[in-house]
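Below is one structure, written out as structure tokens, with a few remarks after it.
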Amino acid sequence: MPKIKTHLWYDQQAEEAANFYTSVFDDARVTDVITYDNAGPDGQTVKIVTFEMLGHEYIALDGGPEFKFNESFSLYVECDSAEEVDHYWNKLMEGGGEESYCGWLKDRFGMSWQVVPRVLDELLQDPDPAKADRVMQAMLKMRKIEVQDLLDAANAA
1 MPKIKTHLWY
11 DQQAEEAANF
21 YTSVFDDARV
31 TDVITYDNAG
41 PDGQTVKIVT
51 FEMLGHEYIA
61 LDGGPEFKFN
71 ESFSLYVECD
81 SAEEVDHYWN
91 KLMEGGGEES
101 YCGWLKDRFG
111 MSWQVVPRVL
121 DELLQDPDPA
131 KADRVMQAML
141 KMRKIEVQDL
151 LDAANAA
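Following full-length UniProt numbering, the numbering of the sequence shown begins with 1 at its first residue and continues without gaps.
Quick look at the structure:
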């Protein structure tokens, strides 16, 4: 059975990005770094860095400036608590990250992340459509998703 790995393209930041991501998540590590001198189109050094995060393998490539990340691809971090949301949000924002709305952010390398508490999905699937709508309206106003604000919206009369 084939193995699927996520391949990420960087402009001379592959190793730095891999080291950053593996510092954010406990169960993460860089597994290999291969350097090719004079391999790039202008004779630059190219690195391929393989790393694992939470059991998933990634390949980071120093491919040059031709391609950039955009919001059509993101990594989704499902959190069990408000403390986990705060932890991952704050770590991923380090060094120049950029907030967006509804739990989305871009890290300093331009990678889009969604940092989402598990309770959000539970509240949005509530059988009471008015309750689910209050939660949705509250979430749409947030940048980092605040668990207590979601619960307050769900319980508002």
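Just so you know, even glycine gets a beta-carbon here, dropped at the ideal spot from N, CA and C.
Mark residue i as exposed unless 16 or more other C-beta atoms lie within 10 angstroms of its C-beta, in which case mark it buried.
i, result
"T45", "exposed"
"E98", "exposed"
"F109", "buried"
"P117", "buried"
"I145", "buried"
"M1", "exposed"
"K47", "buried"
What does DSSP give as the partner residues of residue i in its beta bridges?
i, result
"V116", "E78"
"E66", "Note: E66 sits in no beta bridge, so no partner."
"T6", "Y58"
"Y36", "V46"
"W104", "Q114"
"M53", "A28 and H56"
"E98", "K106"
If I measure Cβ to Cβ from residue i and keep anything under 6 Å in the same chain, skipping five residues before and after, which residues do I get?
i, result
"T6", "Y58"
"Y36", "V46"
Among the options, whose alpha-carbon lies nearest the alpha-carbon of residue i?
i, options, result
"C102", "E83, R143, L124 and N38", "R143"
"L120", "Q114, V77 and V135", "V135"
"K91", "S100, D107 and S81", "D107"
"E15", "E52, K3, H56 and S74", "E52"
"L54", "G96, E78 and Q13", "E78"
"Q13", "K3, F69 and H56", "F69"
"G95", "F20, L123 and S74", "F20"
Which same chain residues, not among the five before or five after residue i, have their C-beta less than 7 Å away from its C-beta?
i, result
"E71", "S112"
"A138", "D149, L150 and A153"
Any C-beta of chain D sitting closer than 8 Å to the C-beta of residue i?
i, result
"H56", "Chain labels in this structure do not include chain D; a single protein chain is all it has."
Less than 8 Å between the CB atoms is what I'm expecting for residue i and residue j, so what's the real figure, rounded?
i, j, result
"W9", "L61", "6 Å"
"V49", "A18", "4 Å"
"V115", "V147", "Rounded, the Cβ-Cβ distance is 12 Å, inconsistent with contact."
"T22", "V33", "Actually they do not touch by this definition, with Cβ atoms about 12 Å apart."
"Y76", "V24", "That belief does not hold up - the Cβ atoms of Y76 and V24 are roughly 14 Å apart, past 8 Å."
Looking only at its chain, what residues have a beta carbon closer than 8 Å to the beta carbon of residue i, apart from the 5 residues adjacent to it on each side?
i, result
"L140", "Y101 and C102"
"D80", "P117 and R118"
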